[in-house]
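Novice:
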């Protein structure tokens, strides 16, 4: 299989868009502050925008789409044609594992960050308590997802390159196999009794 520039551009583009959305989600994380009610002694949490949940889910979806395209083309390393044994196959297997680890780590960070950012306790307040703690997403969760997205992109491109290098077509793999009538030695006529 030859390396497809279109596929590489699609994978890089989807990963980079996912990276941009993950960075946007980190920058737009919800922040909270305790606000006392002006009519009674009740305190409650007021949260800022919820945009990072949408950004995180968009990044998660783009990353999933990129991985699905890549593994549909390469048939996930285990369902396709055979690979030539050697260094390229070993590299393909290593980058396959690294790509999956980066992908799963990025998805976990993006999904957990989106879910935690969406969970607000703004309607839970306390009477006569002024040190109310409002739960927010820890800083750096979406940034970790963005970093793992870049790692996944690098591992995915290297996996695709190594897979293409190690991939053989059916004809190349079986070109030396055959019935072998021309190479079979029957012996000379003078050797017969």
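Numbering (the working numbering), first residue to last: 621 to 813.
C-beta atoms are modelled at their ideal positions from N, C-alpha and C, and glycine is treated no differently.
Where do the N-terminal and C-terminal ends of the alpha helix (DSSP H) with residue 755 fall, by residue?
Specialist: Your numbering for residue 755 matches position 135 in the chain shown. First-last for residue 755: undefined, no H or E at that position.
Novice: What are the uninterrupted segments assigned as alpha helix (DSSP H) that are 4 or more residues long and contained completely in the stretch 640-704, given in chain order?
Specialist: 671-693
Novice: Taking the alpha-carbon positions, what's the residue 739 to residue 677 distance?
Specialist: Translated into the one-based positions of the chain shown, residue 739 becomes position 119. Translated into the one-based positions of the chain shown, residue 677 becomes position 57. Taking the straight line from one Cα to the other gives about 14 Å.
Novice: Would you call residue 672 buried or exposed, if buried means 16 or more other Cβ atoms sit within 10 Å of its Cβ?
Specialist: For the purposes of this step, residue 672 is taken as residue 52 along the chain shown, with counting starting at 1. Counting Cβ neighbours within 10 Å, residue 672 comes out buried, since at least 16 surround it.
Novice: Alpha helix (DSSP H) containing residue 765: first to last residue?
Specialist: Here residue 765 corresponds to residue number 145 of the chain shown, with the count starting at 1. Secondary structure note for residue 765: its alpha helix (DSSP H) is the uninterrupted segment 761-786.
Novice: Start and end of the alpha helix (DSSP H) containing residue 738?
Specialist: As a first step, residue 738 is located in the chain shown; it is residue number 118 there, counting from the start. Taken as a continuous stretch (DSSP letters only), the alpha helix (DSSP H) holding residue 738 covers 707-738.
Novice: Please identify the residue among 690, 766 and 715 whose C-alpha is closest to the C-alpha of residue 725.
Specialist: Here the question's residue 725 lines up with position 105 in the chain shown. With distances taken between Cα atoms, residue 725 lies closest to 766.
Novice: In chain order, what residues of the same chain lie with their CB nearer than 8 Å to the CB of residue 823, ignoring the 5 residues before and after it?
Specialist: Beyond the ends of the chain as shown, which are 621 and 813, falls residue 823; an answer cannot be given.
Novice: Relative to the alpha-carbon of residue 687, which residue among 781, 783, 776 and 786 has its alpha-carbon at the smallest distance?
Specialist: Start at 1 with the first residue of the chain shown, and residue 687 comes out as number 67. If we check each option's Cα against that of residue 687, 776 comes out closest.
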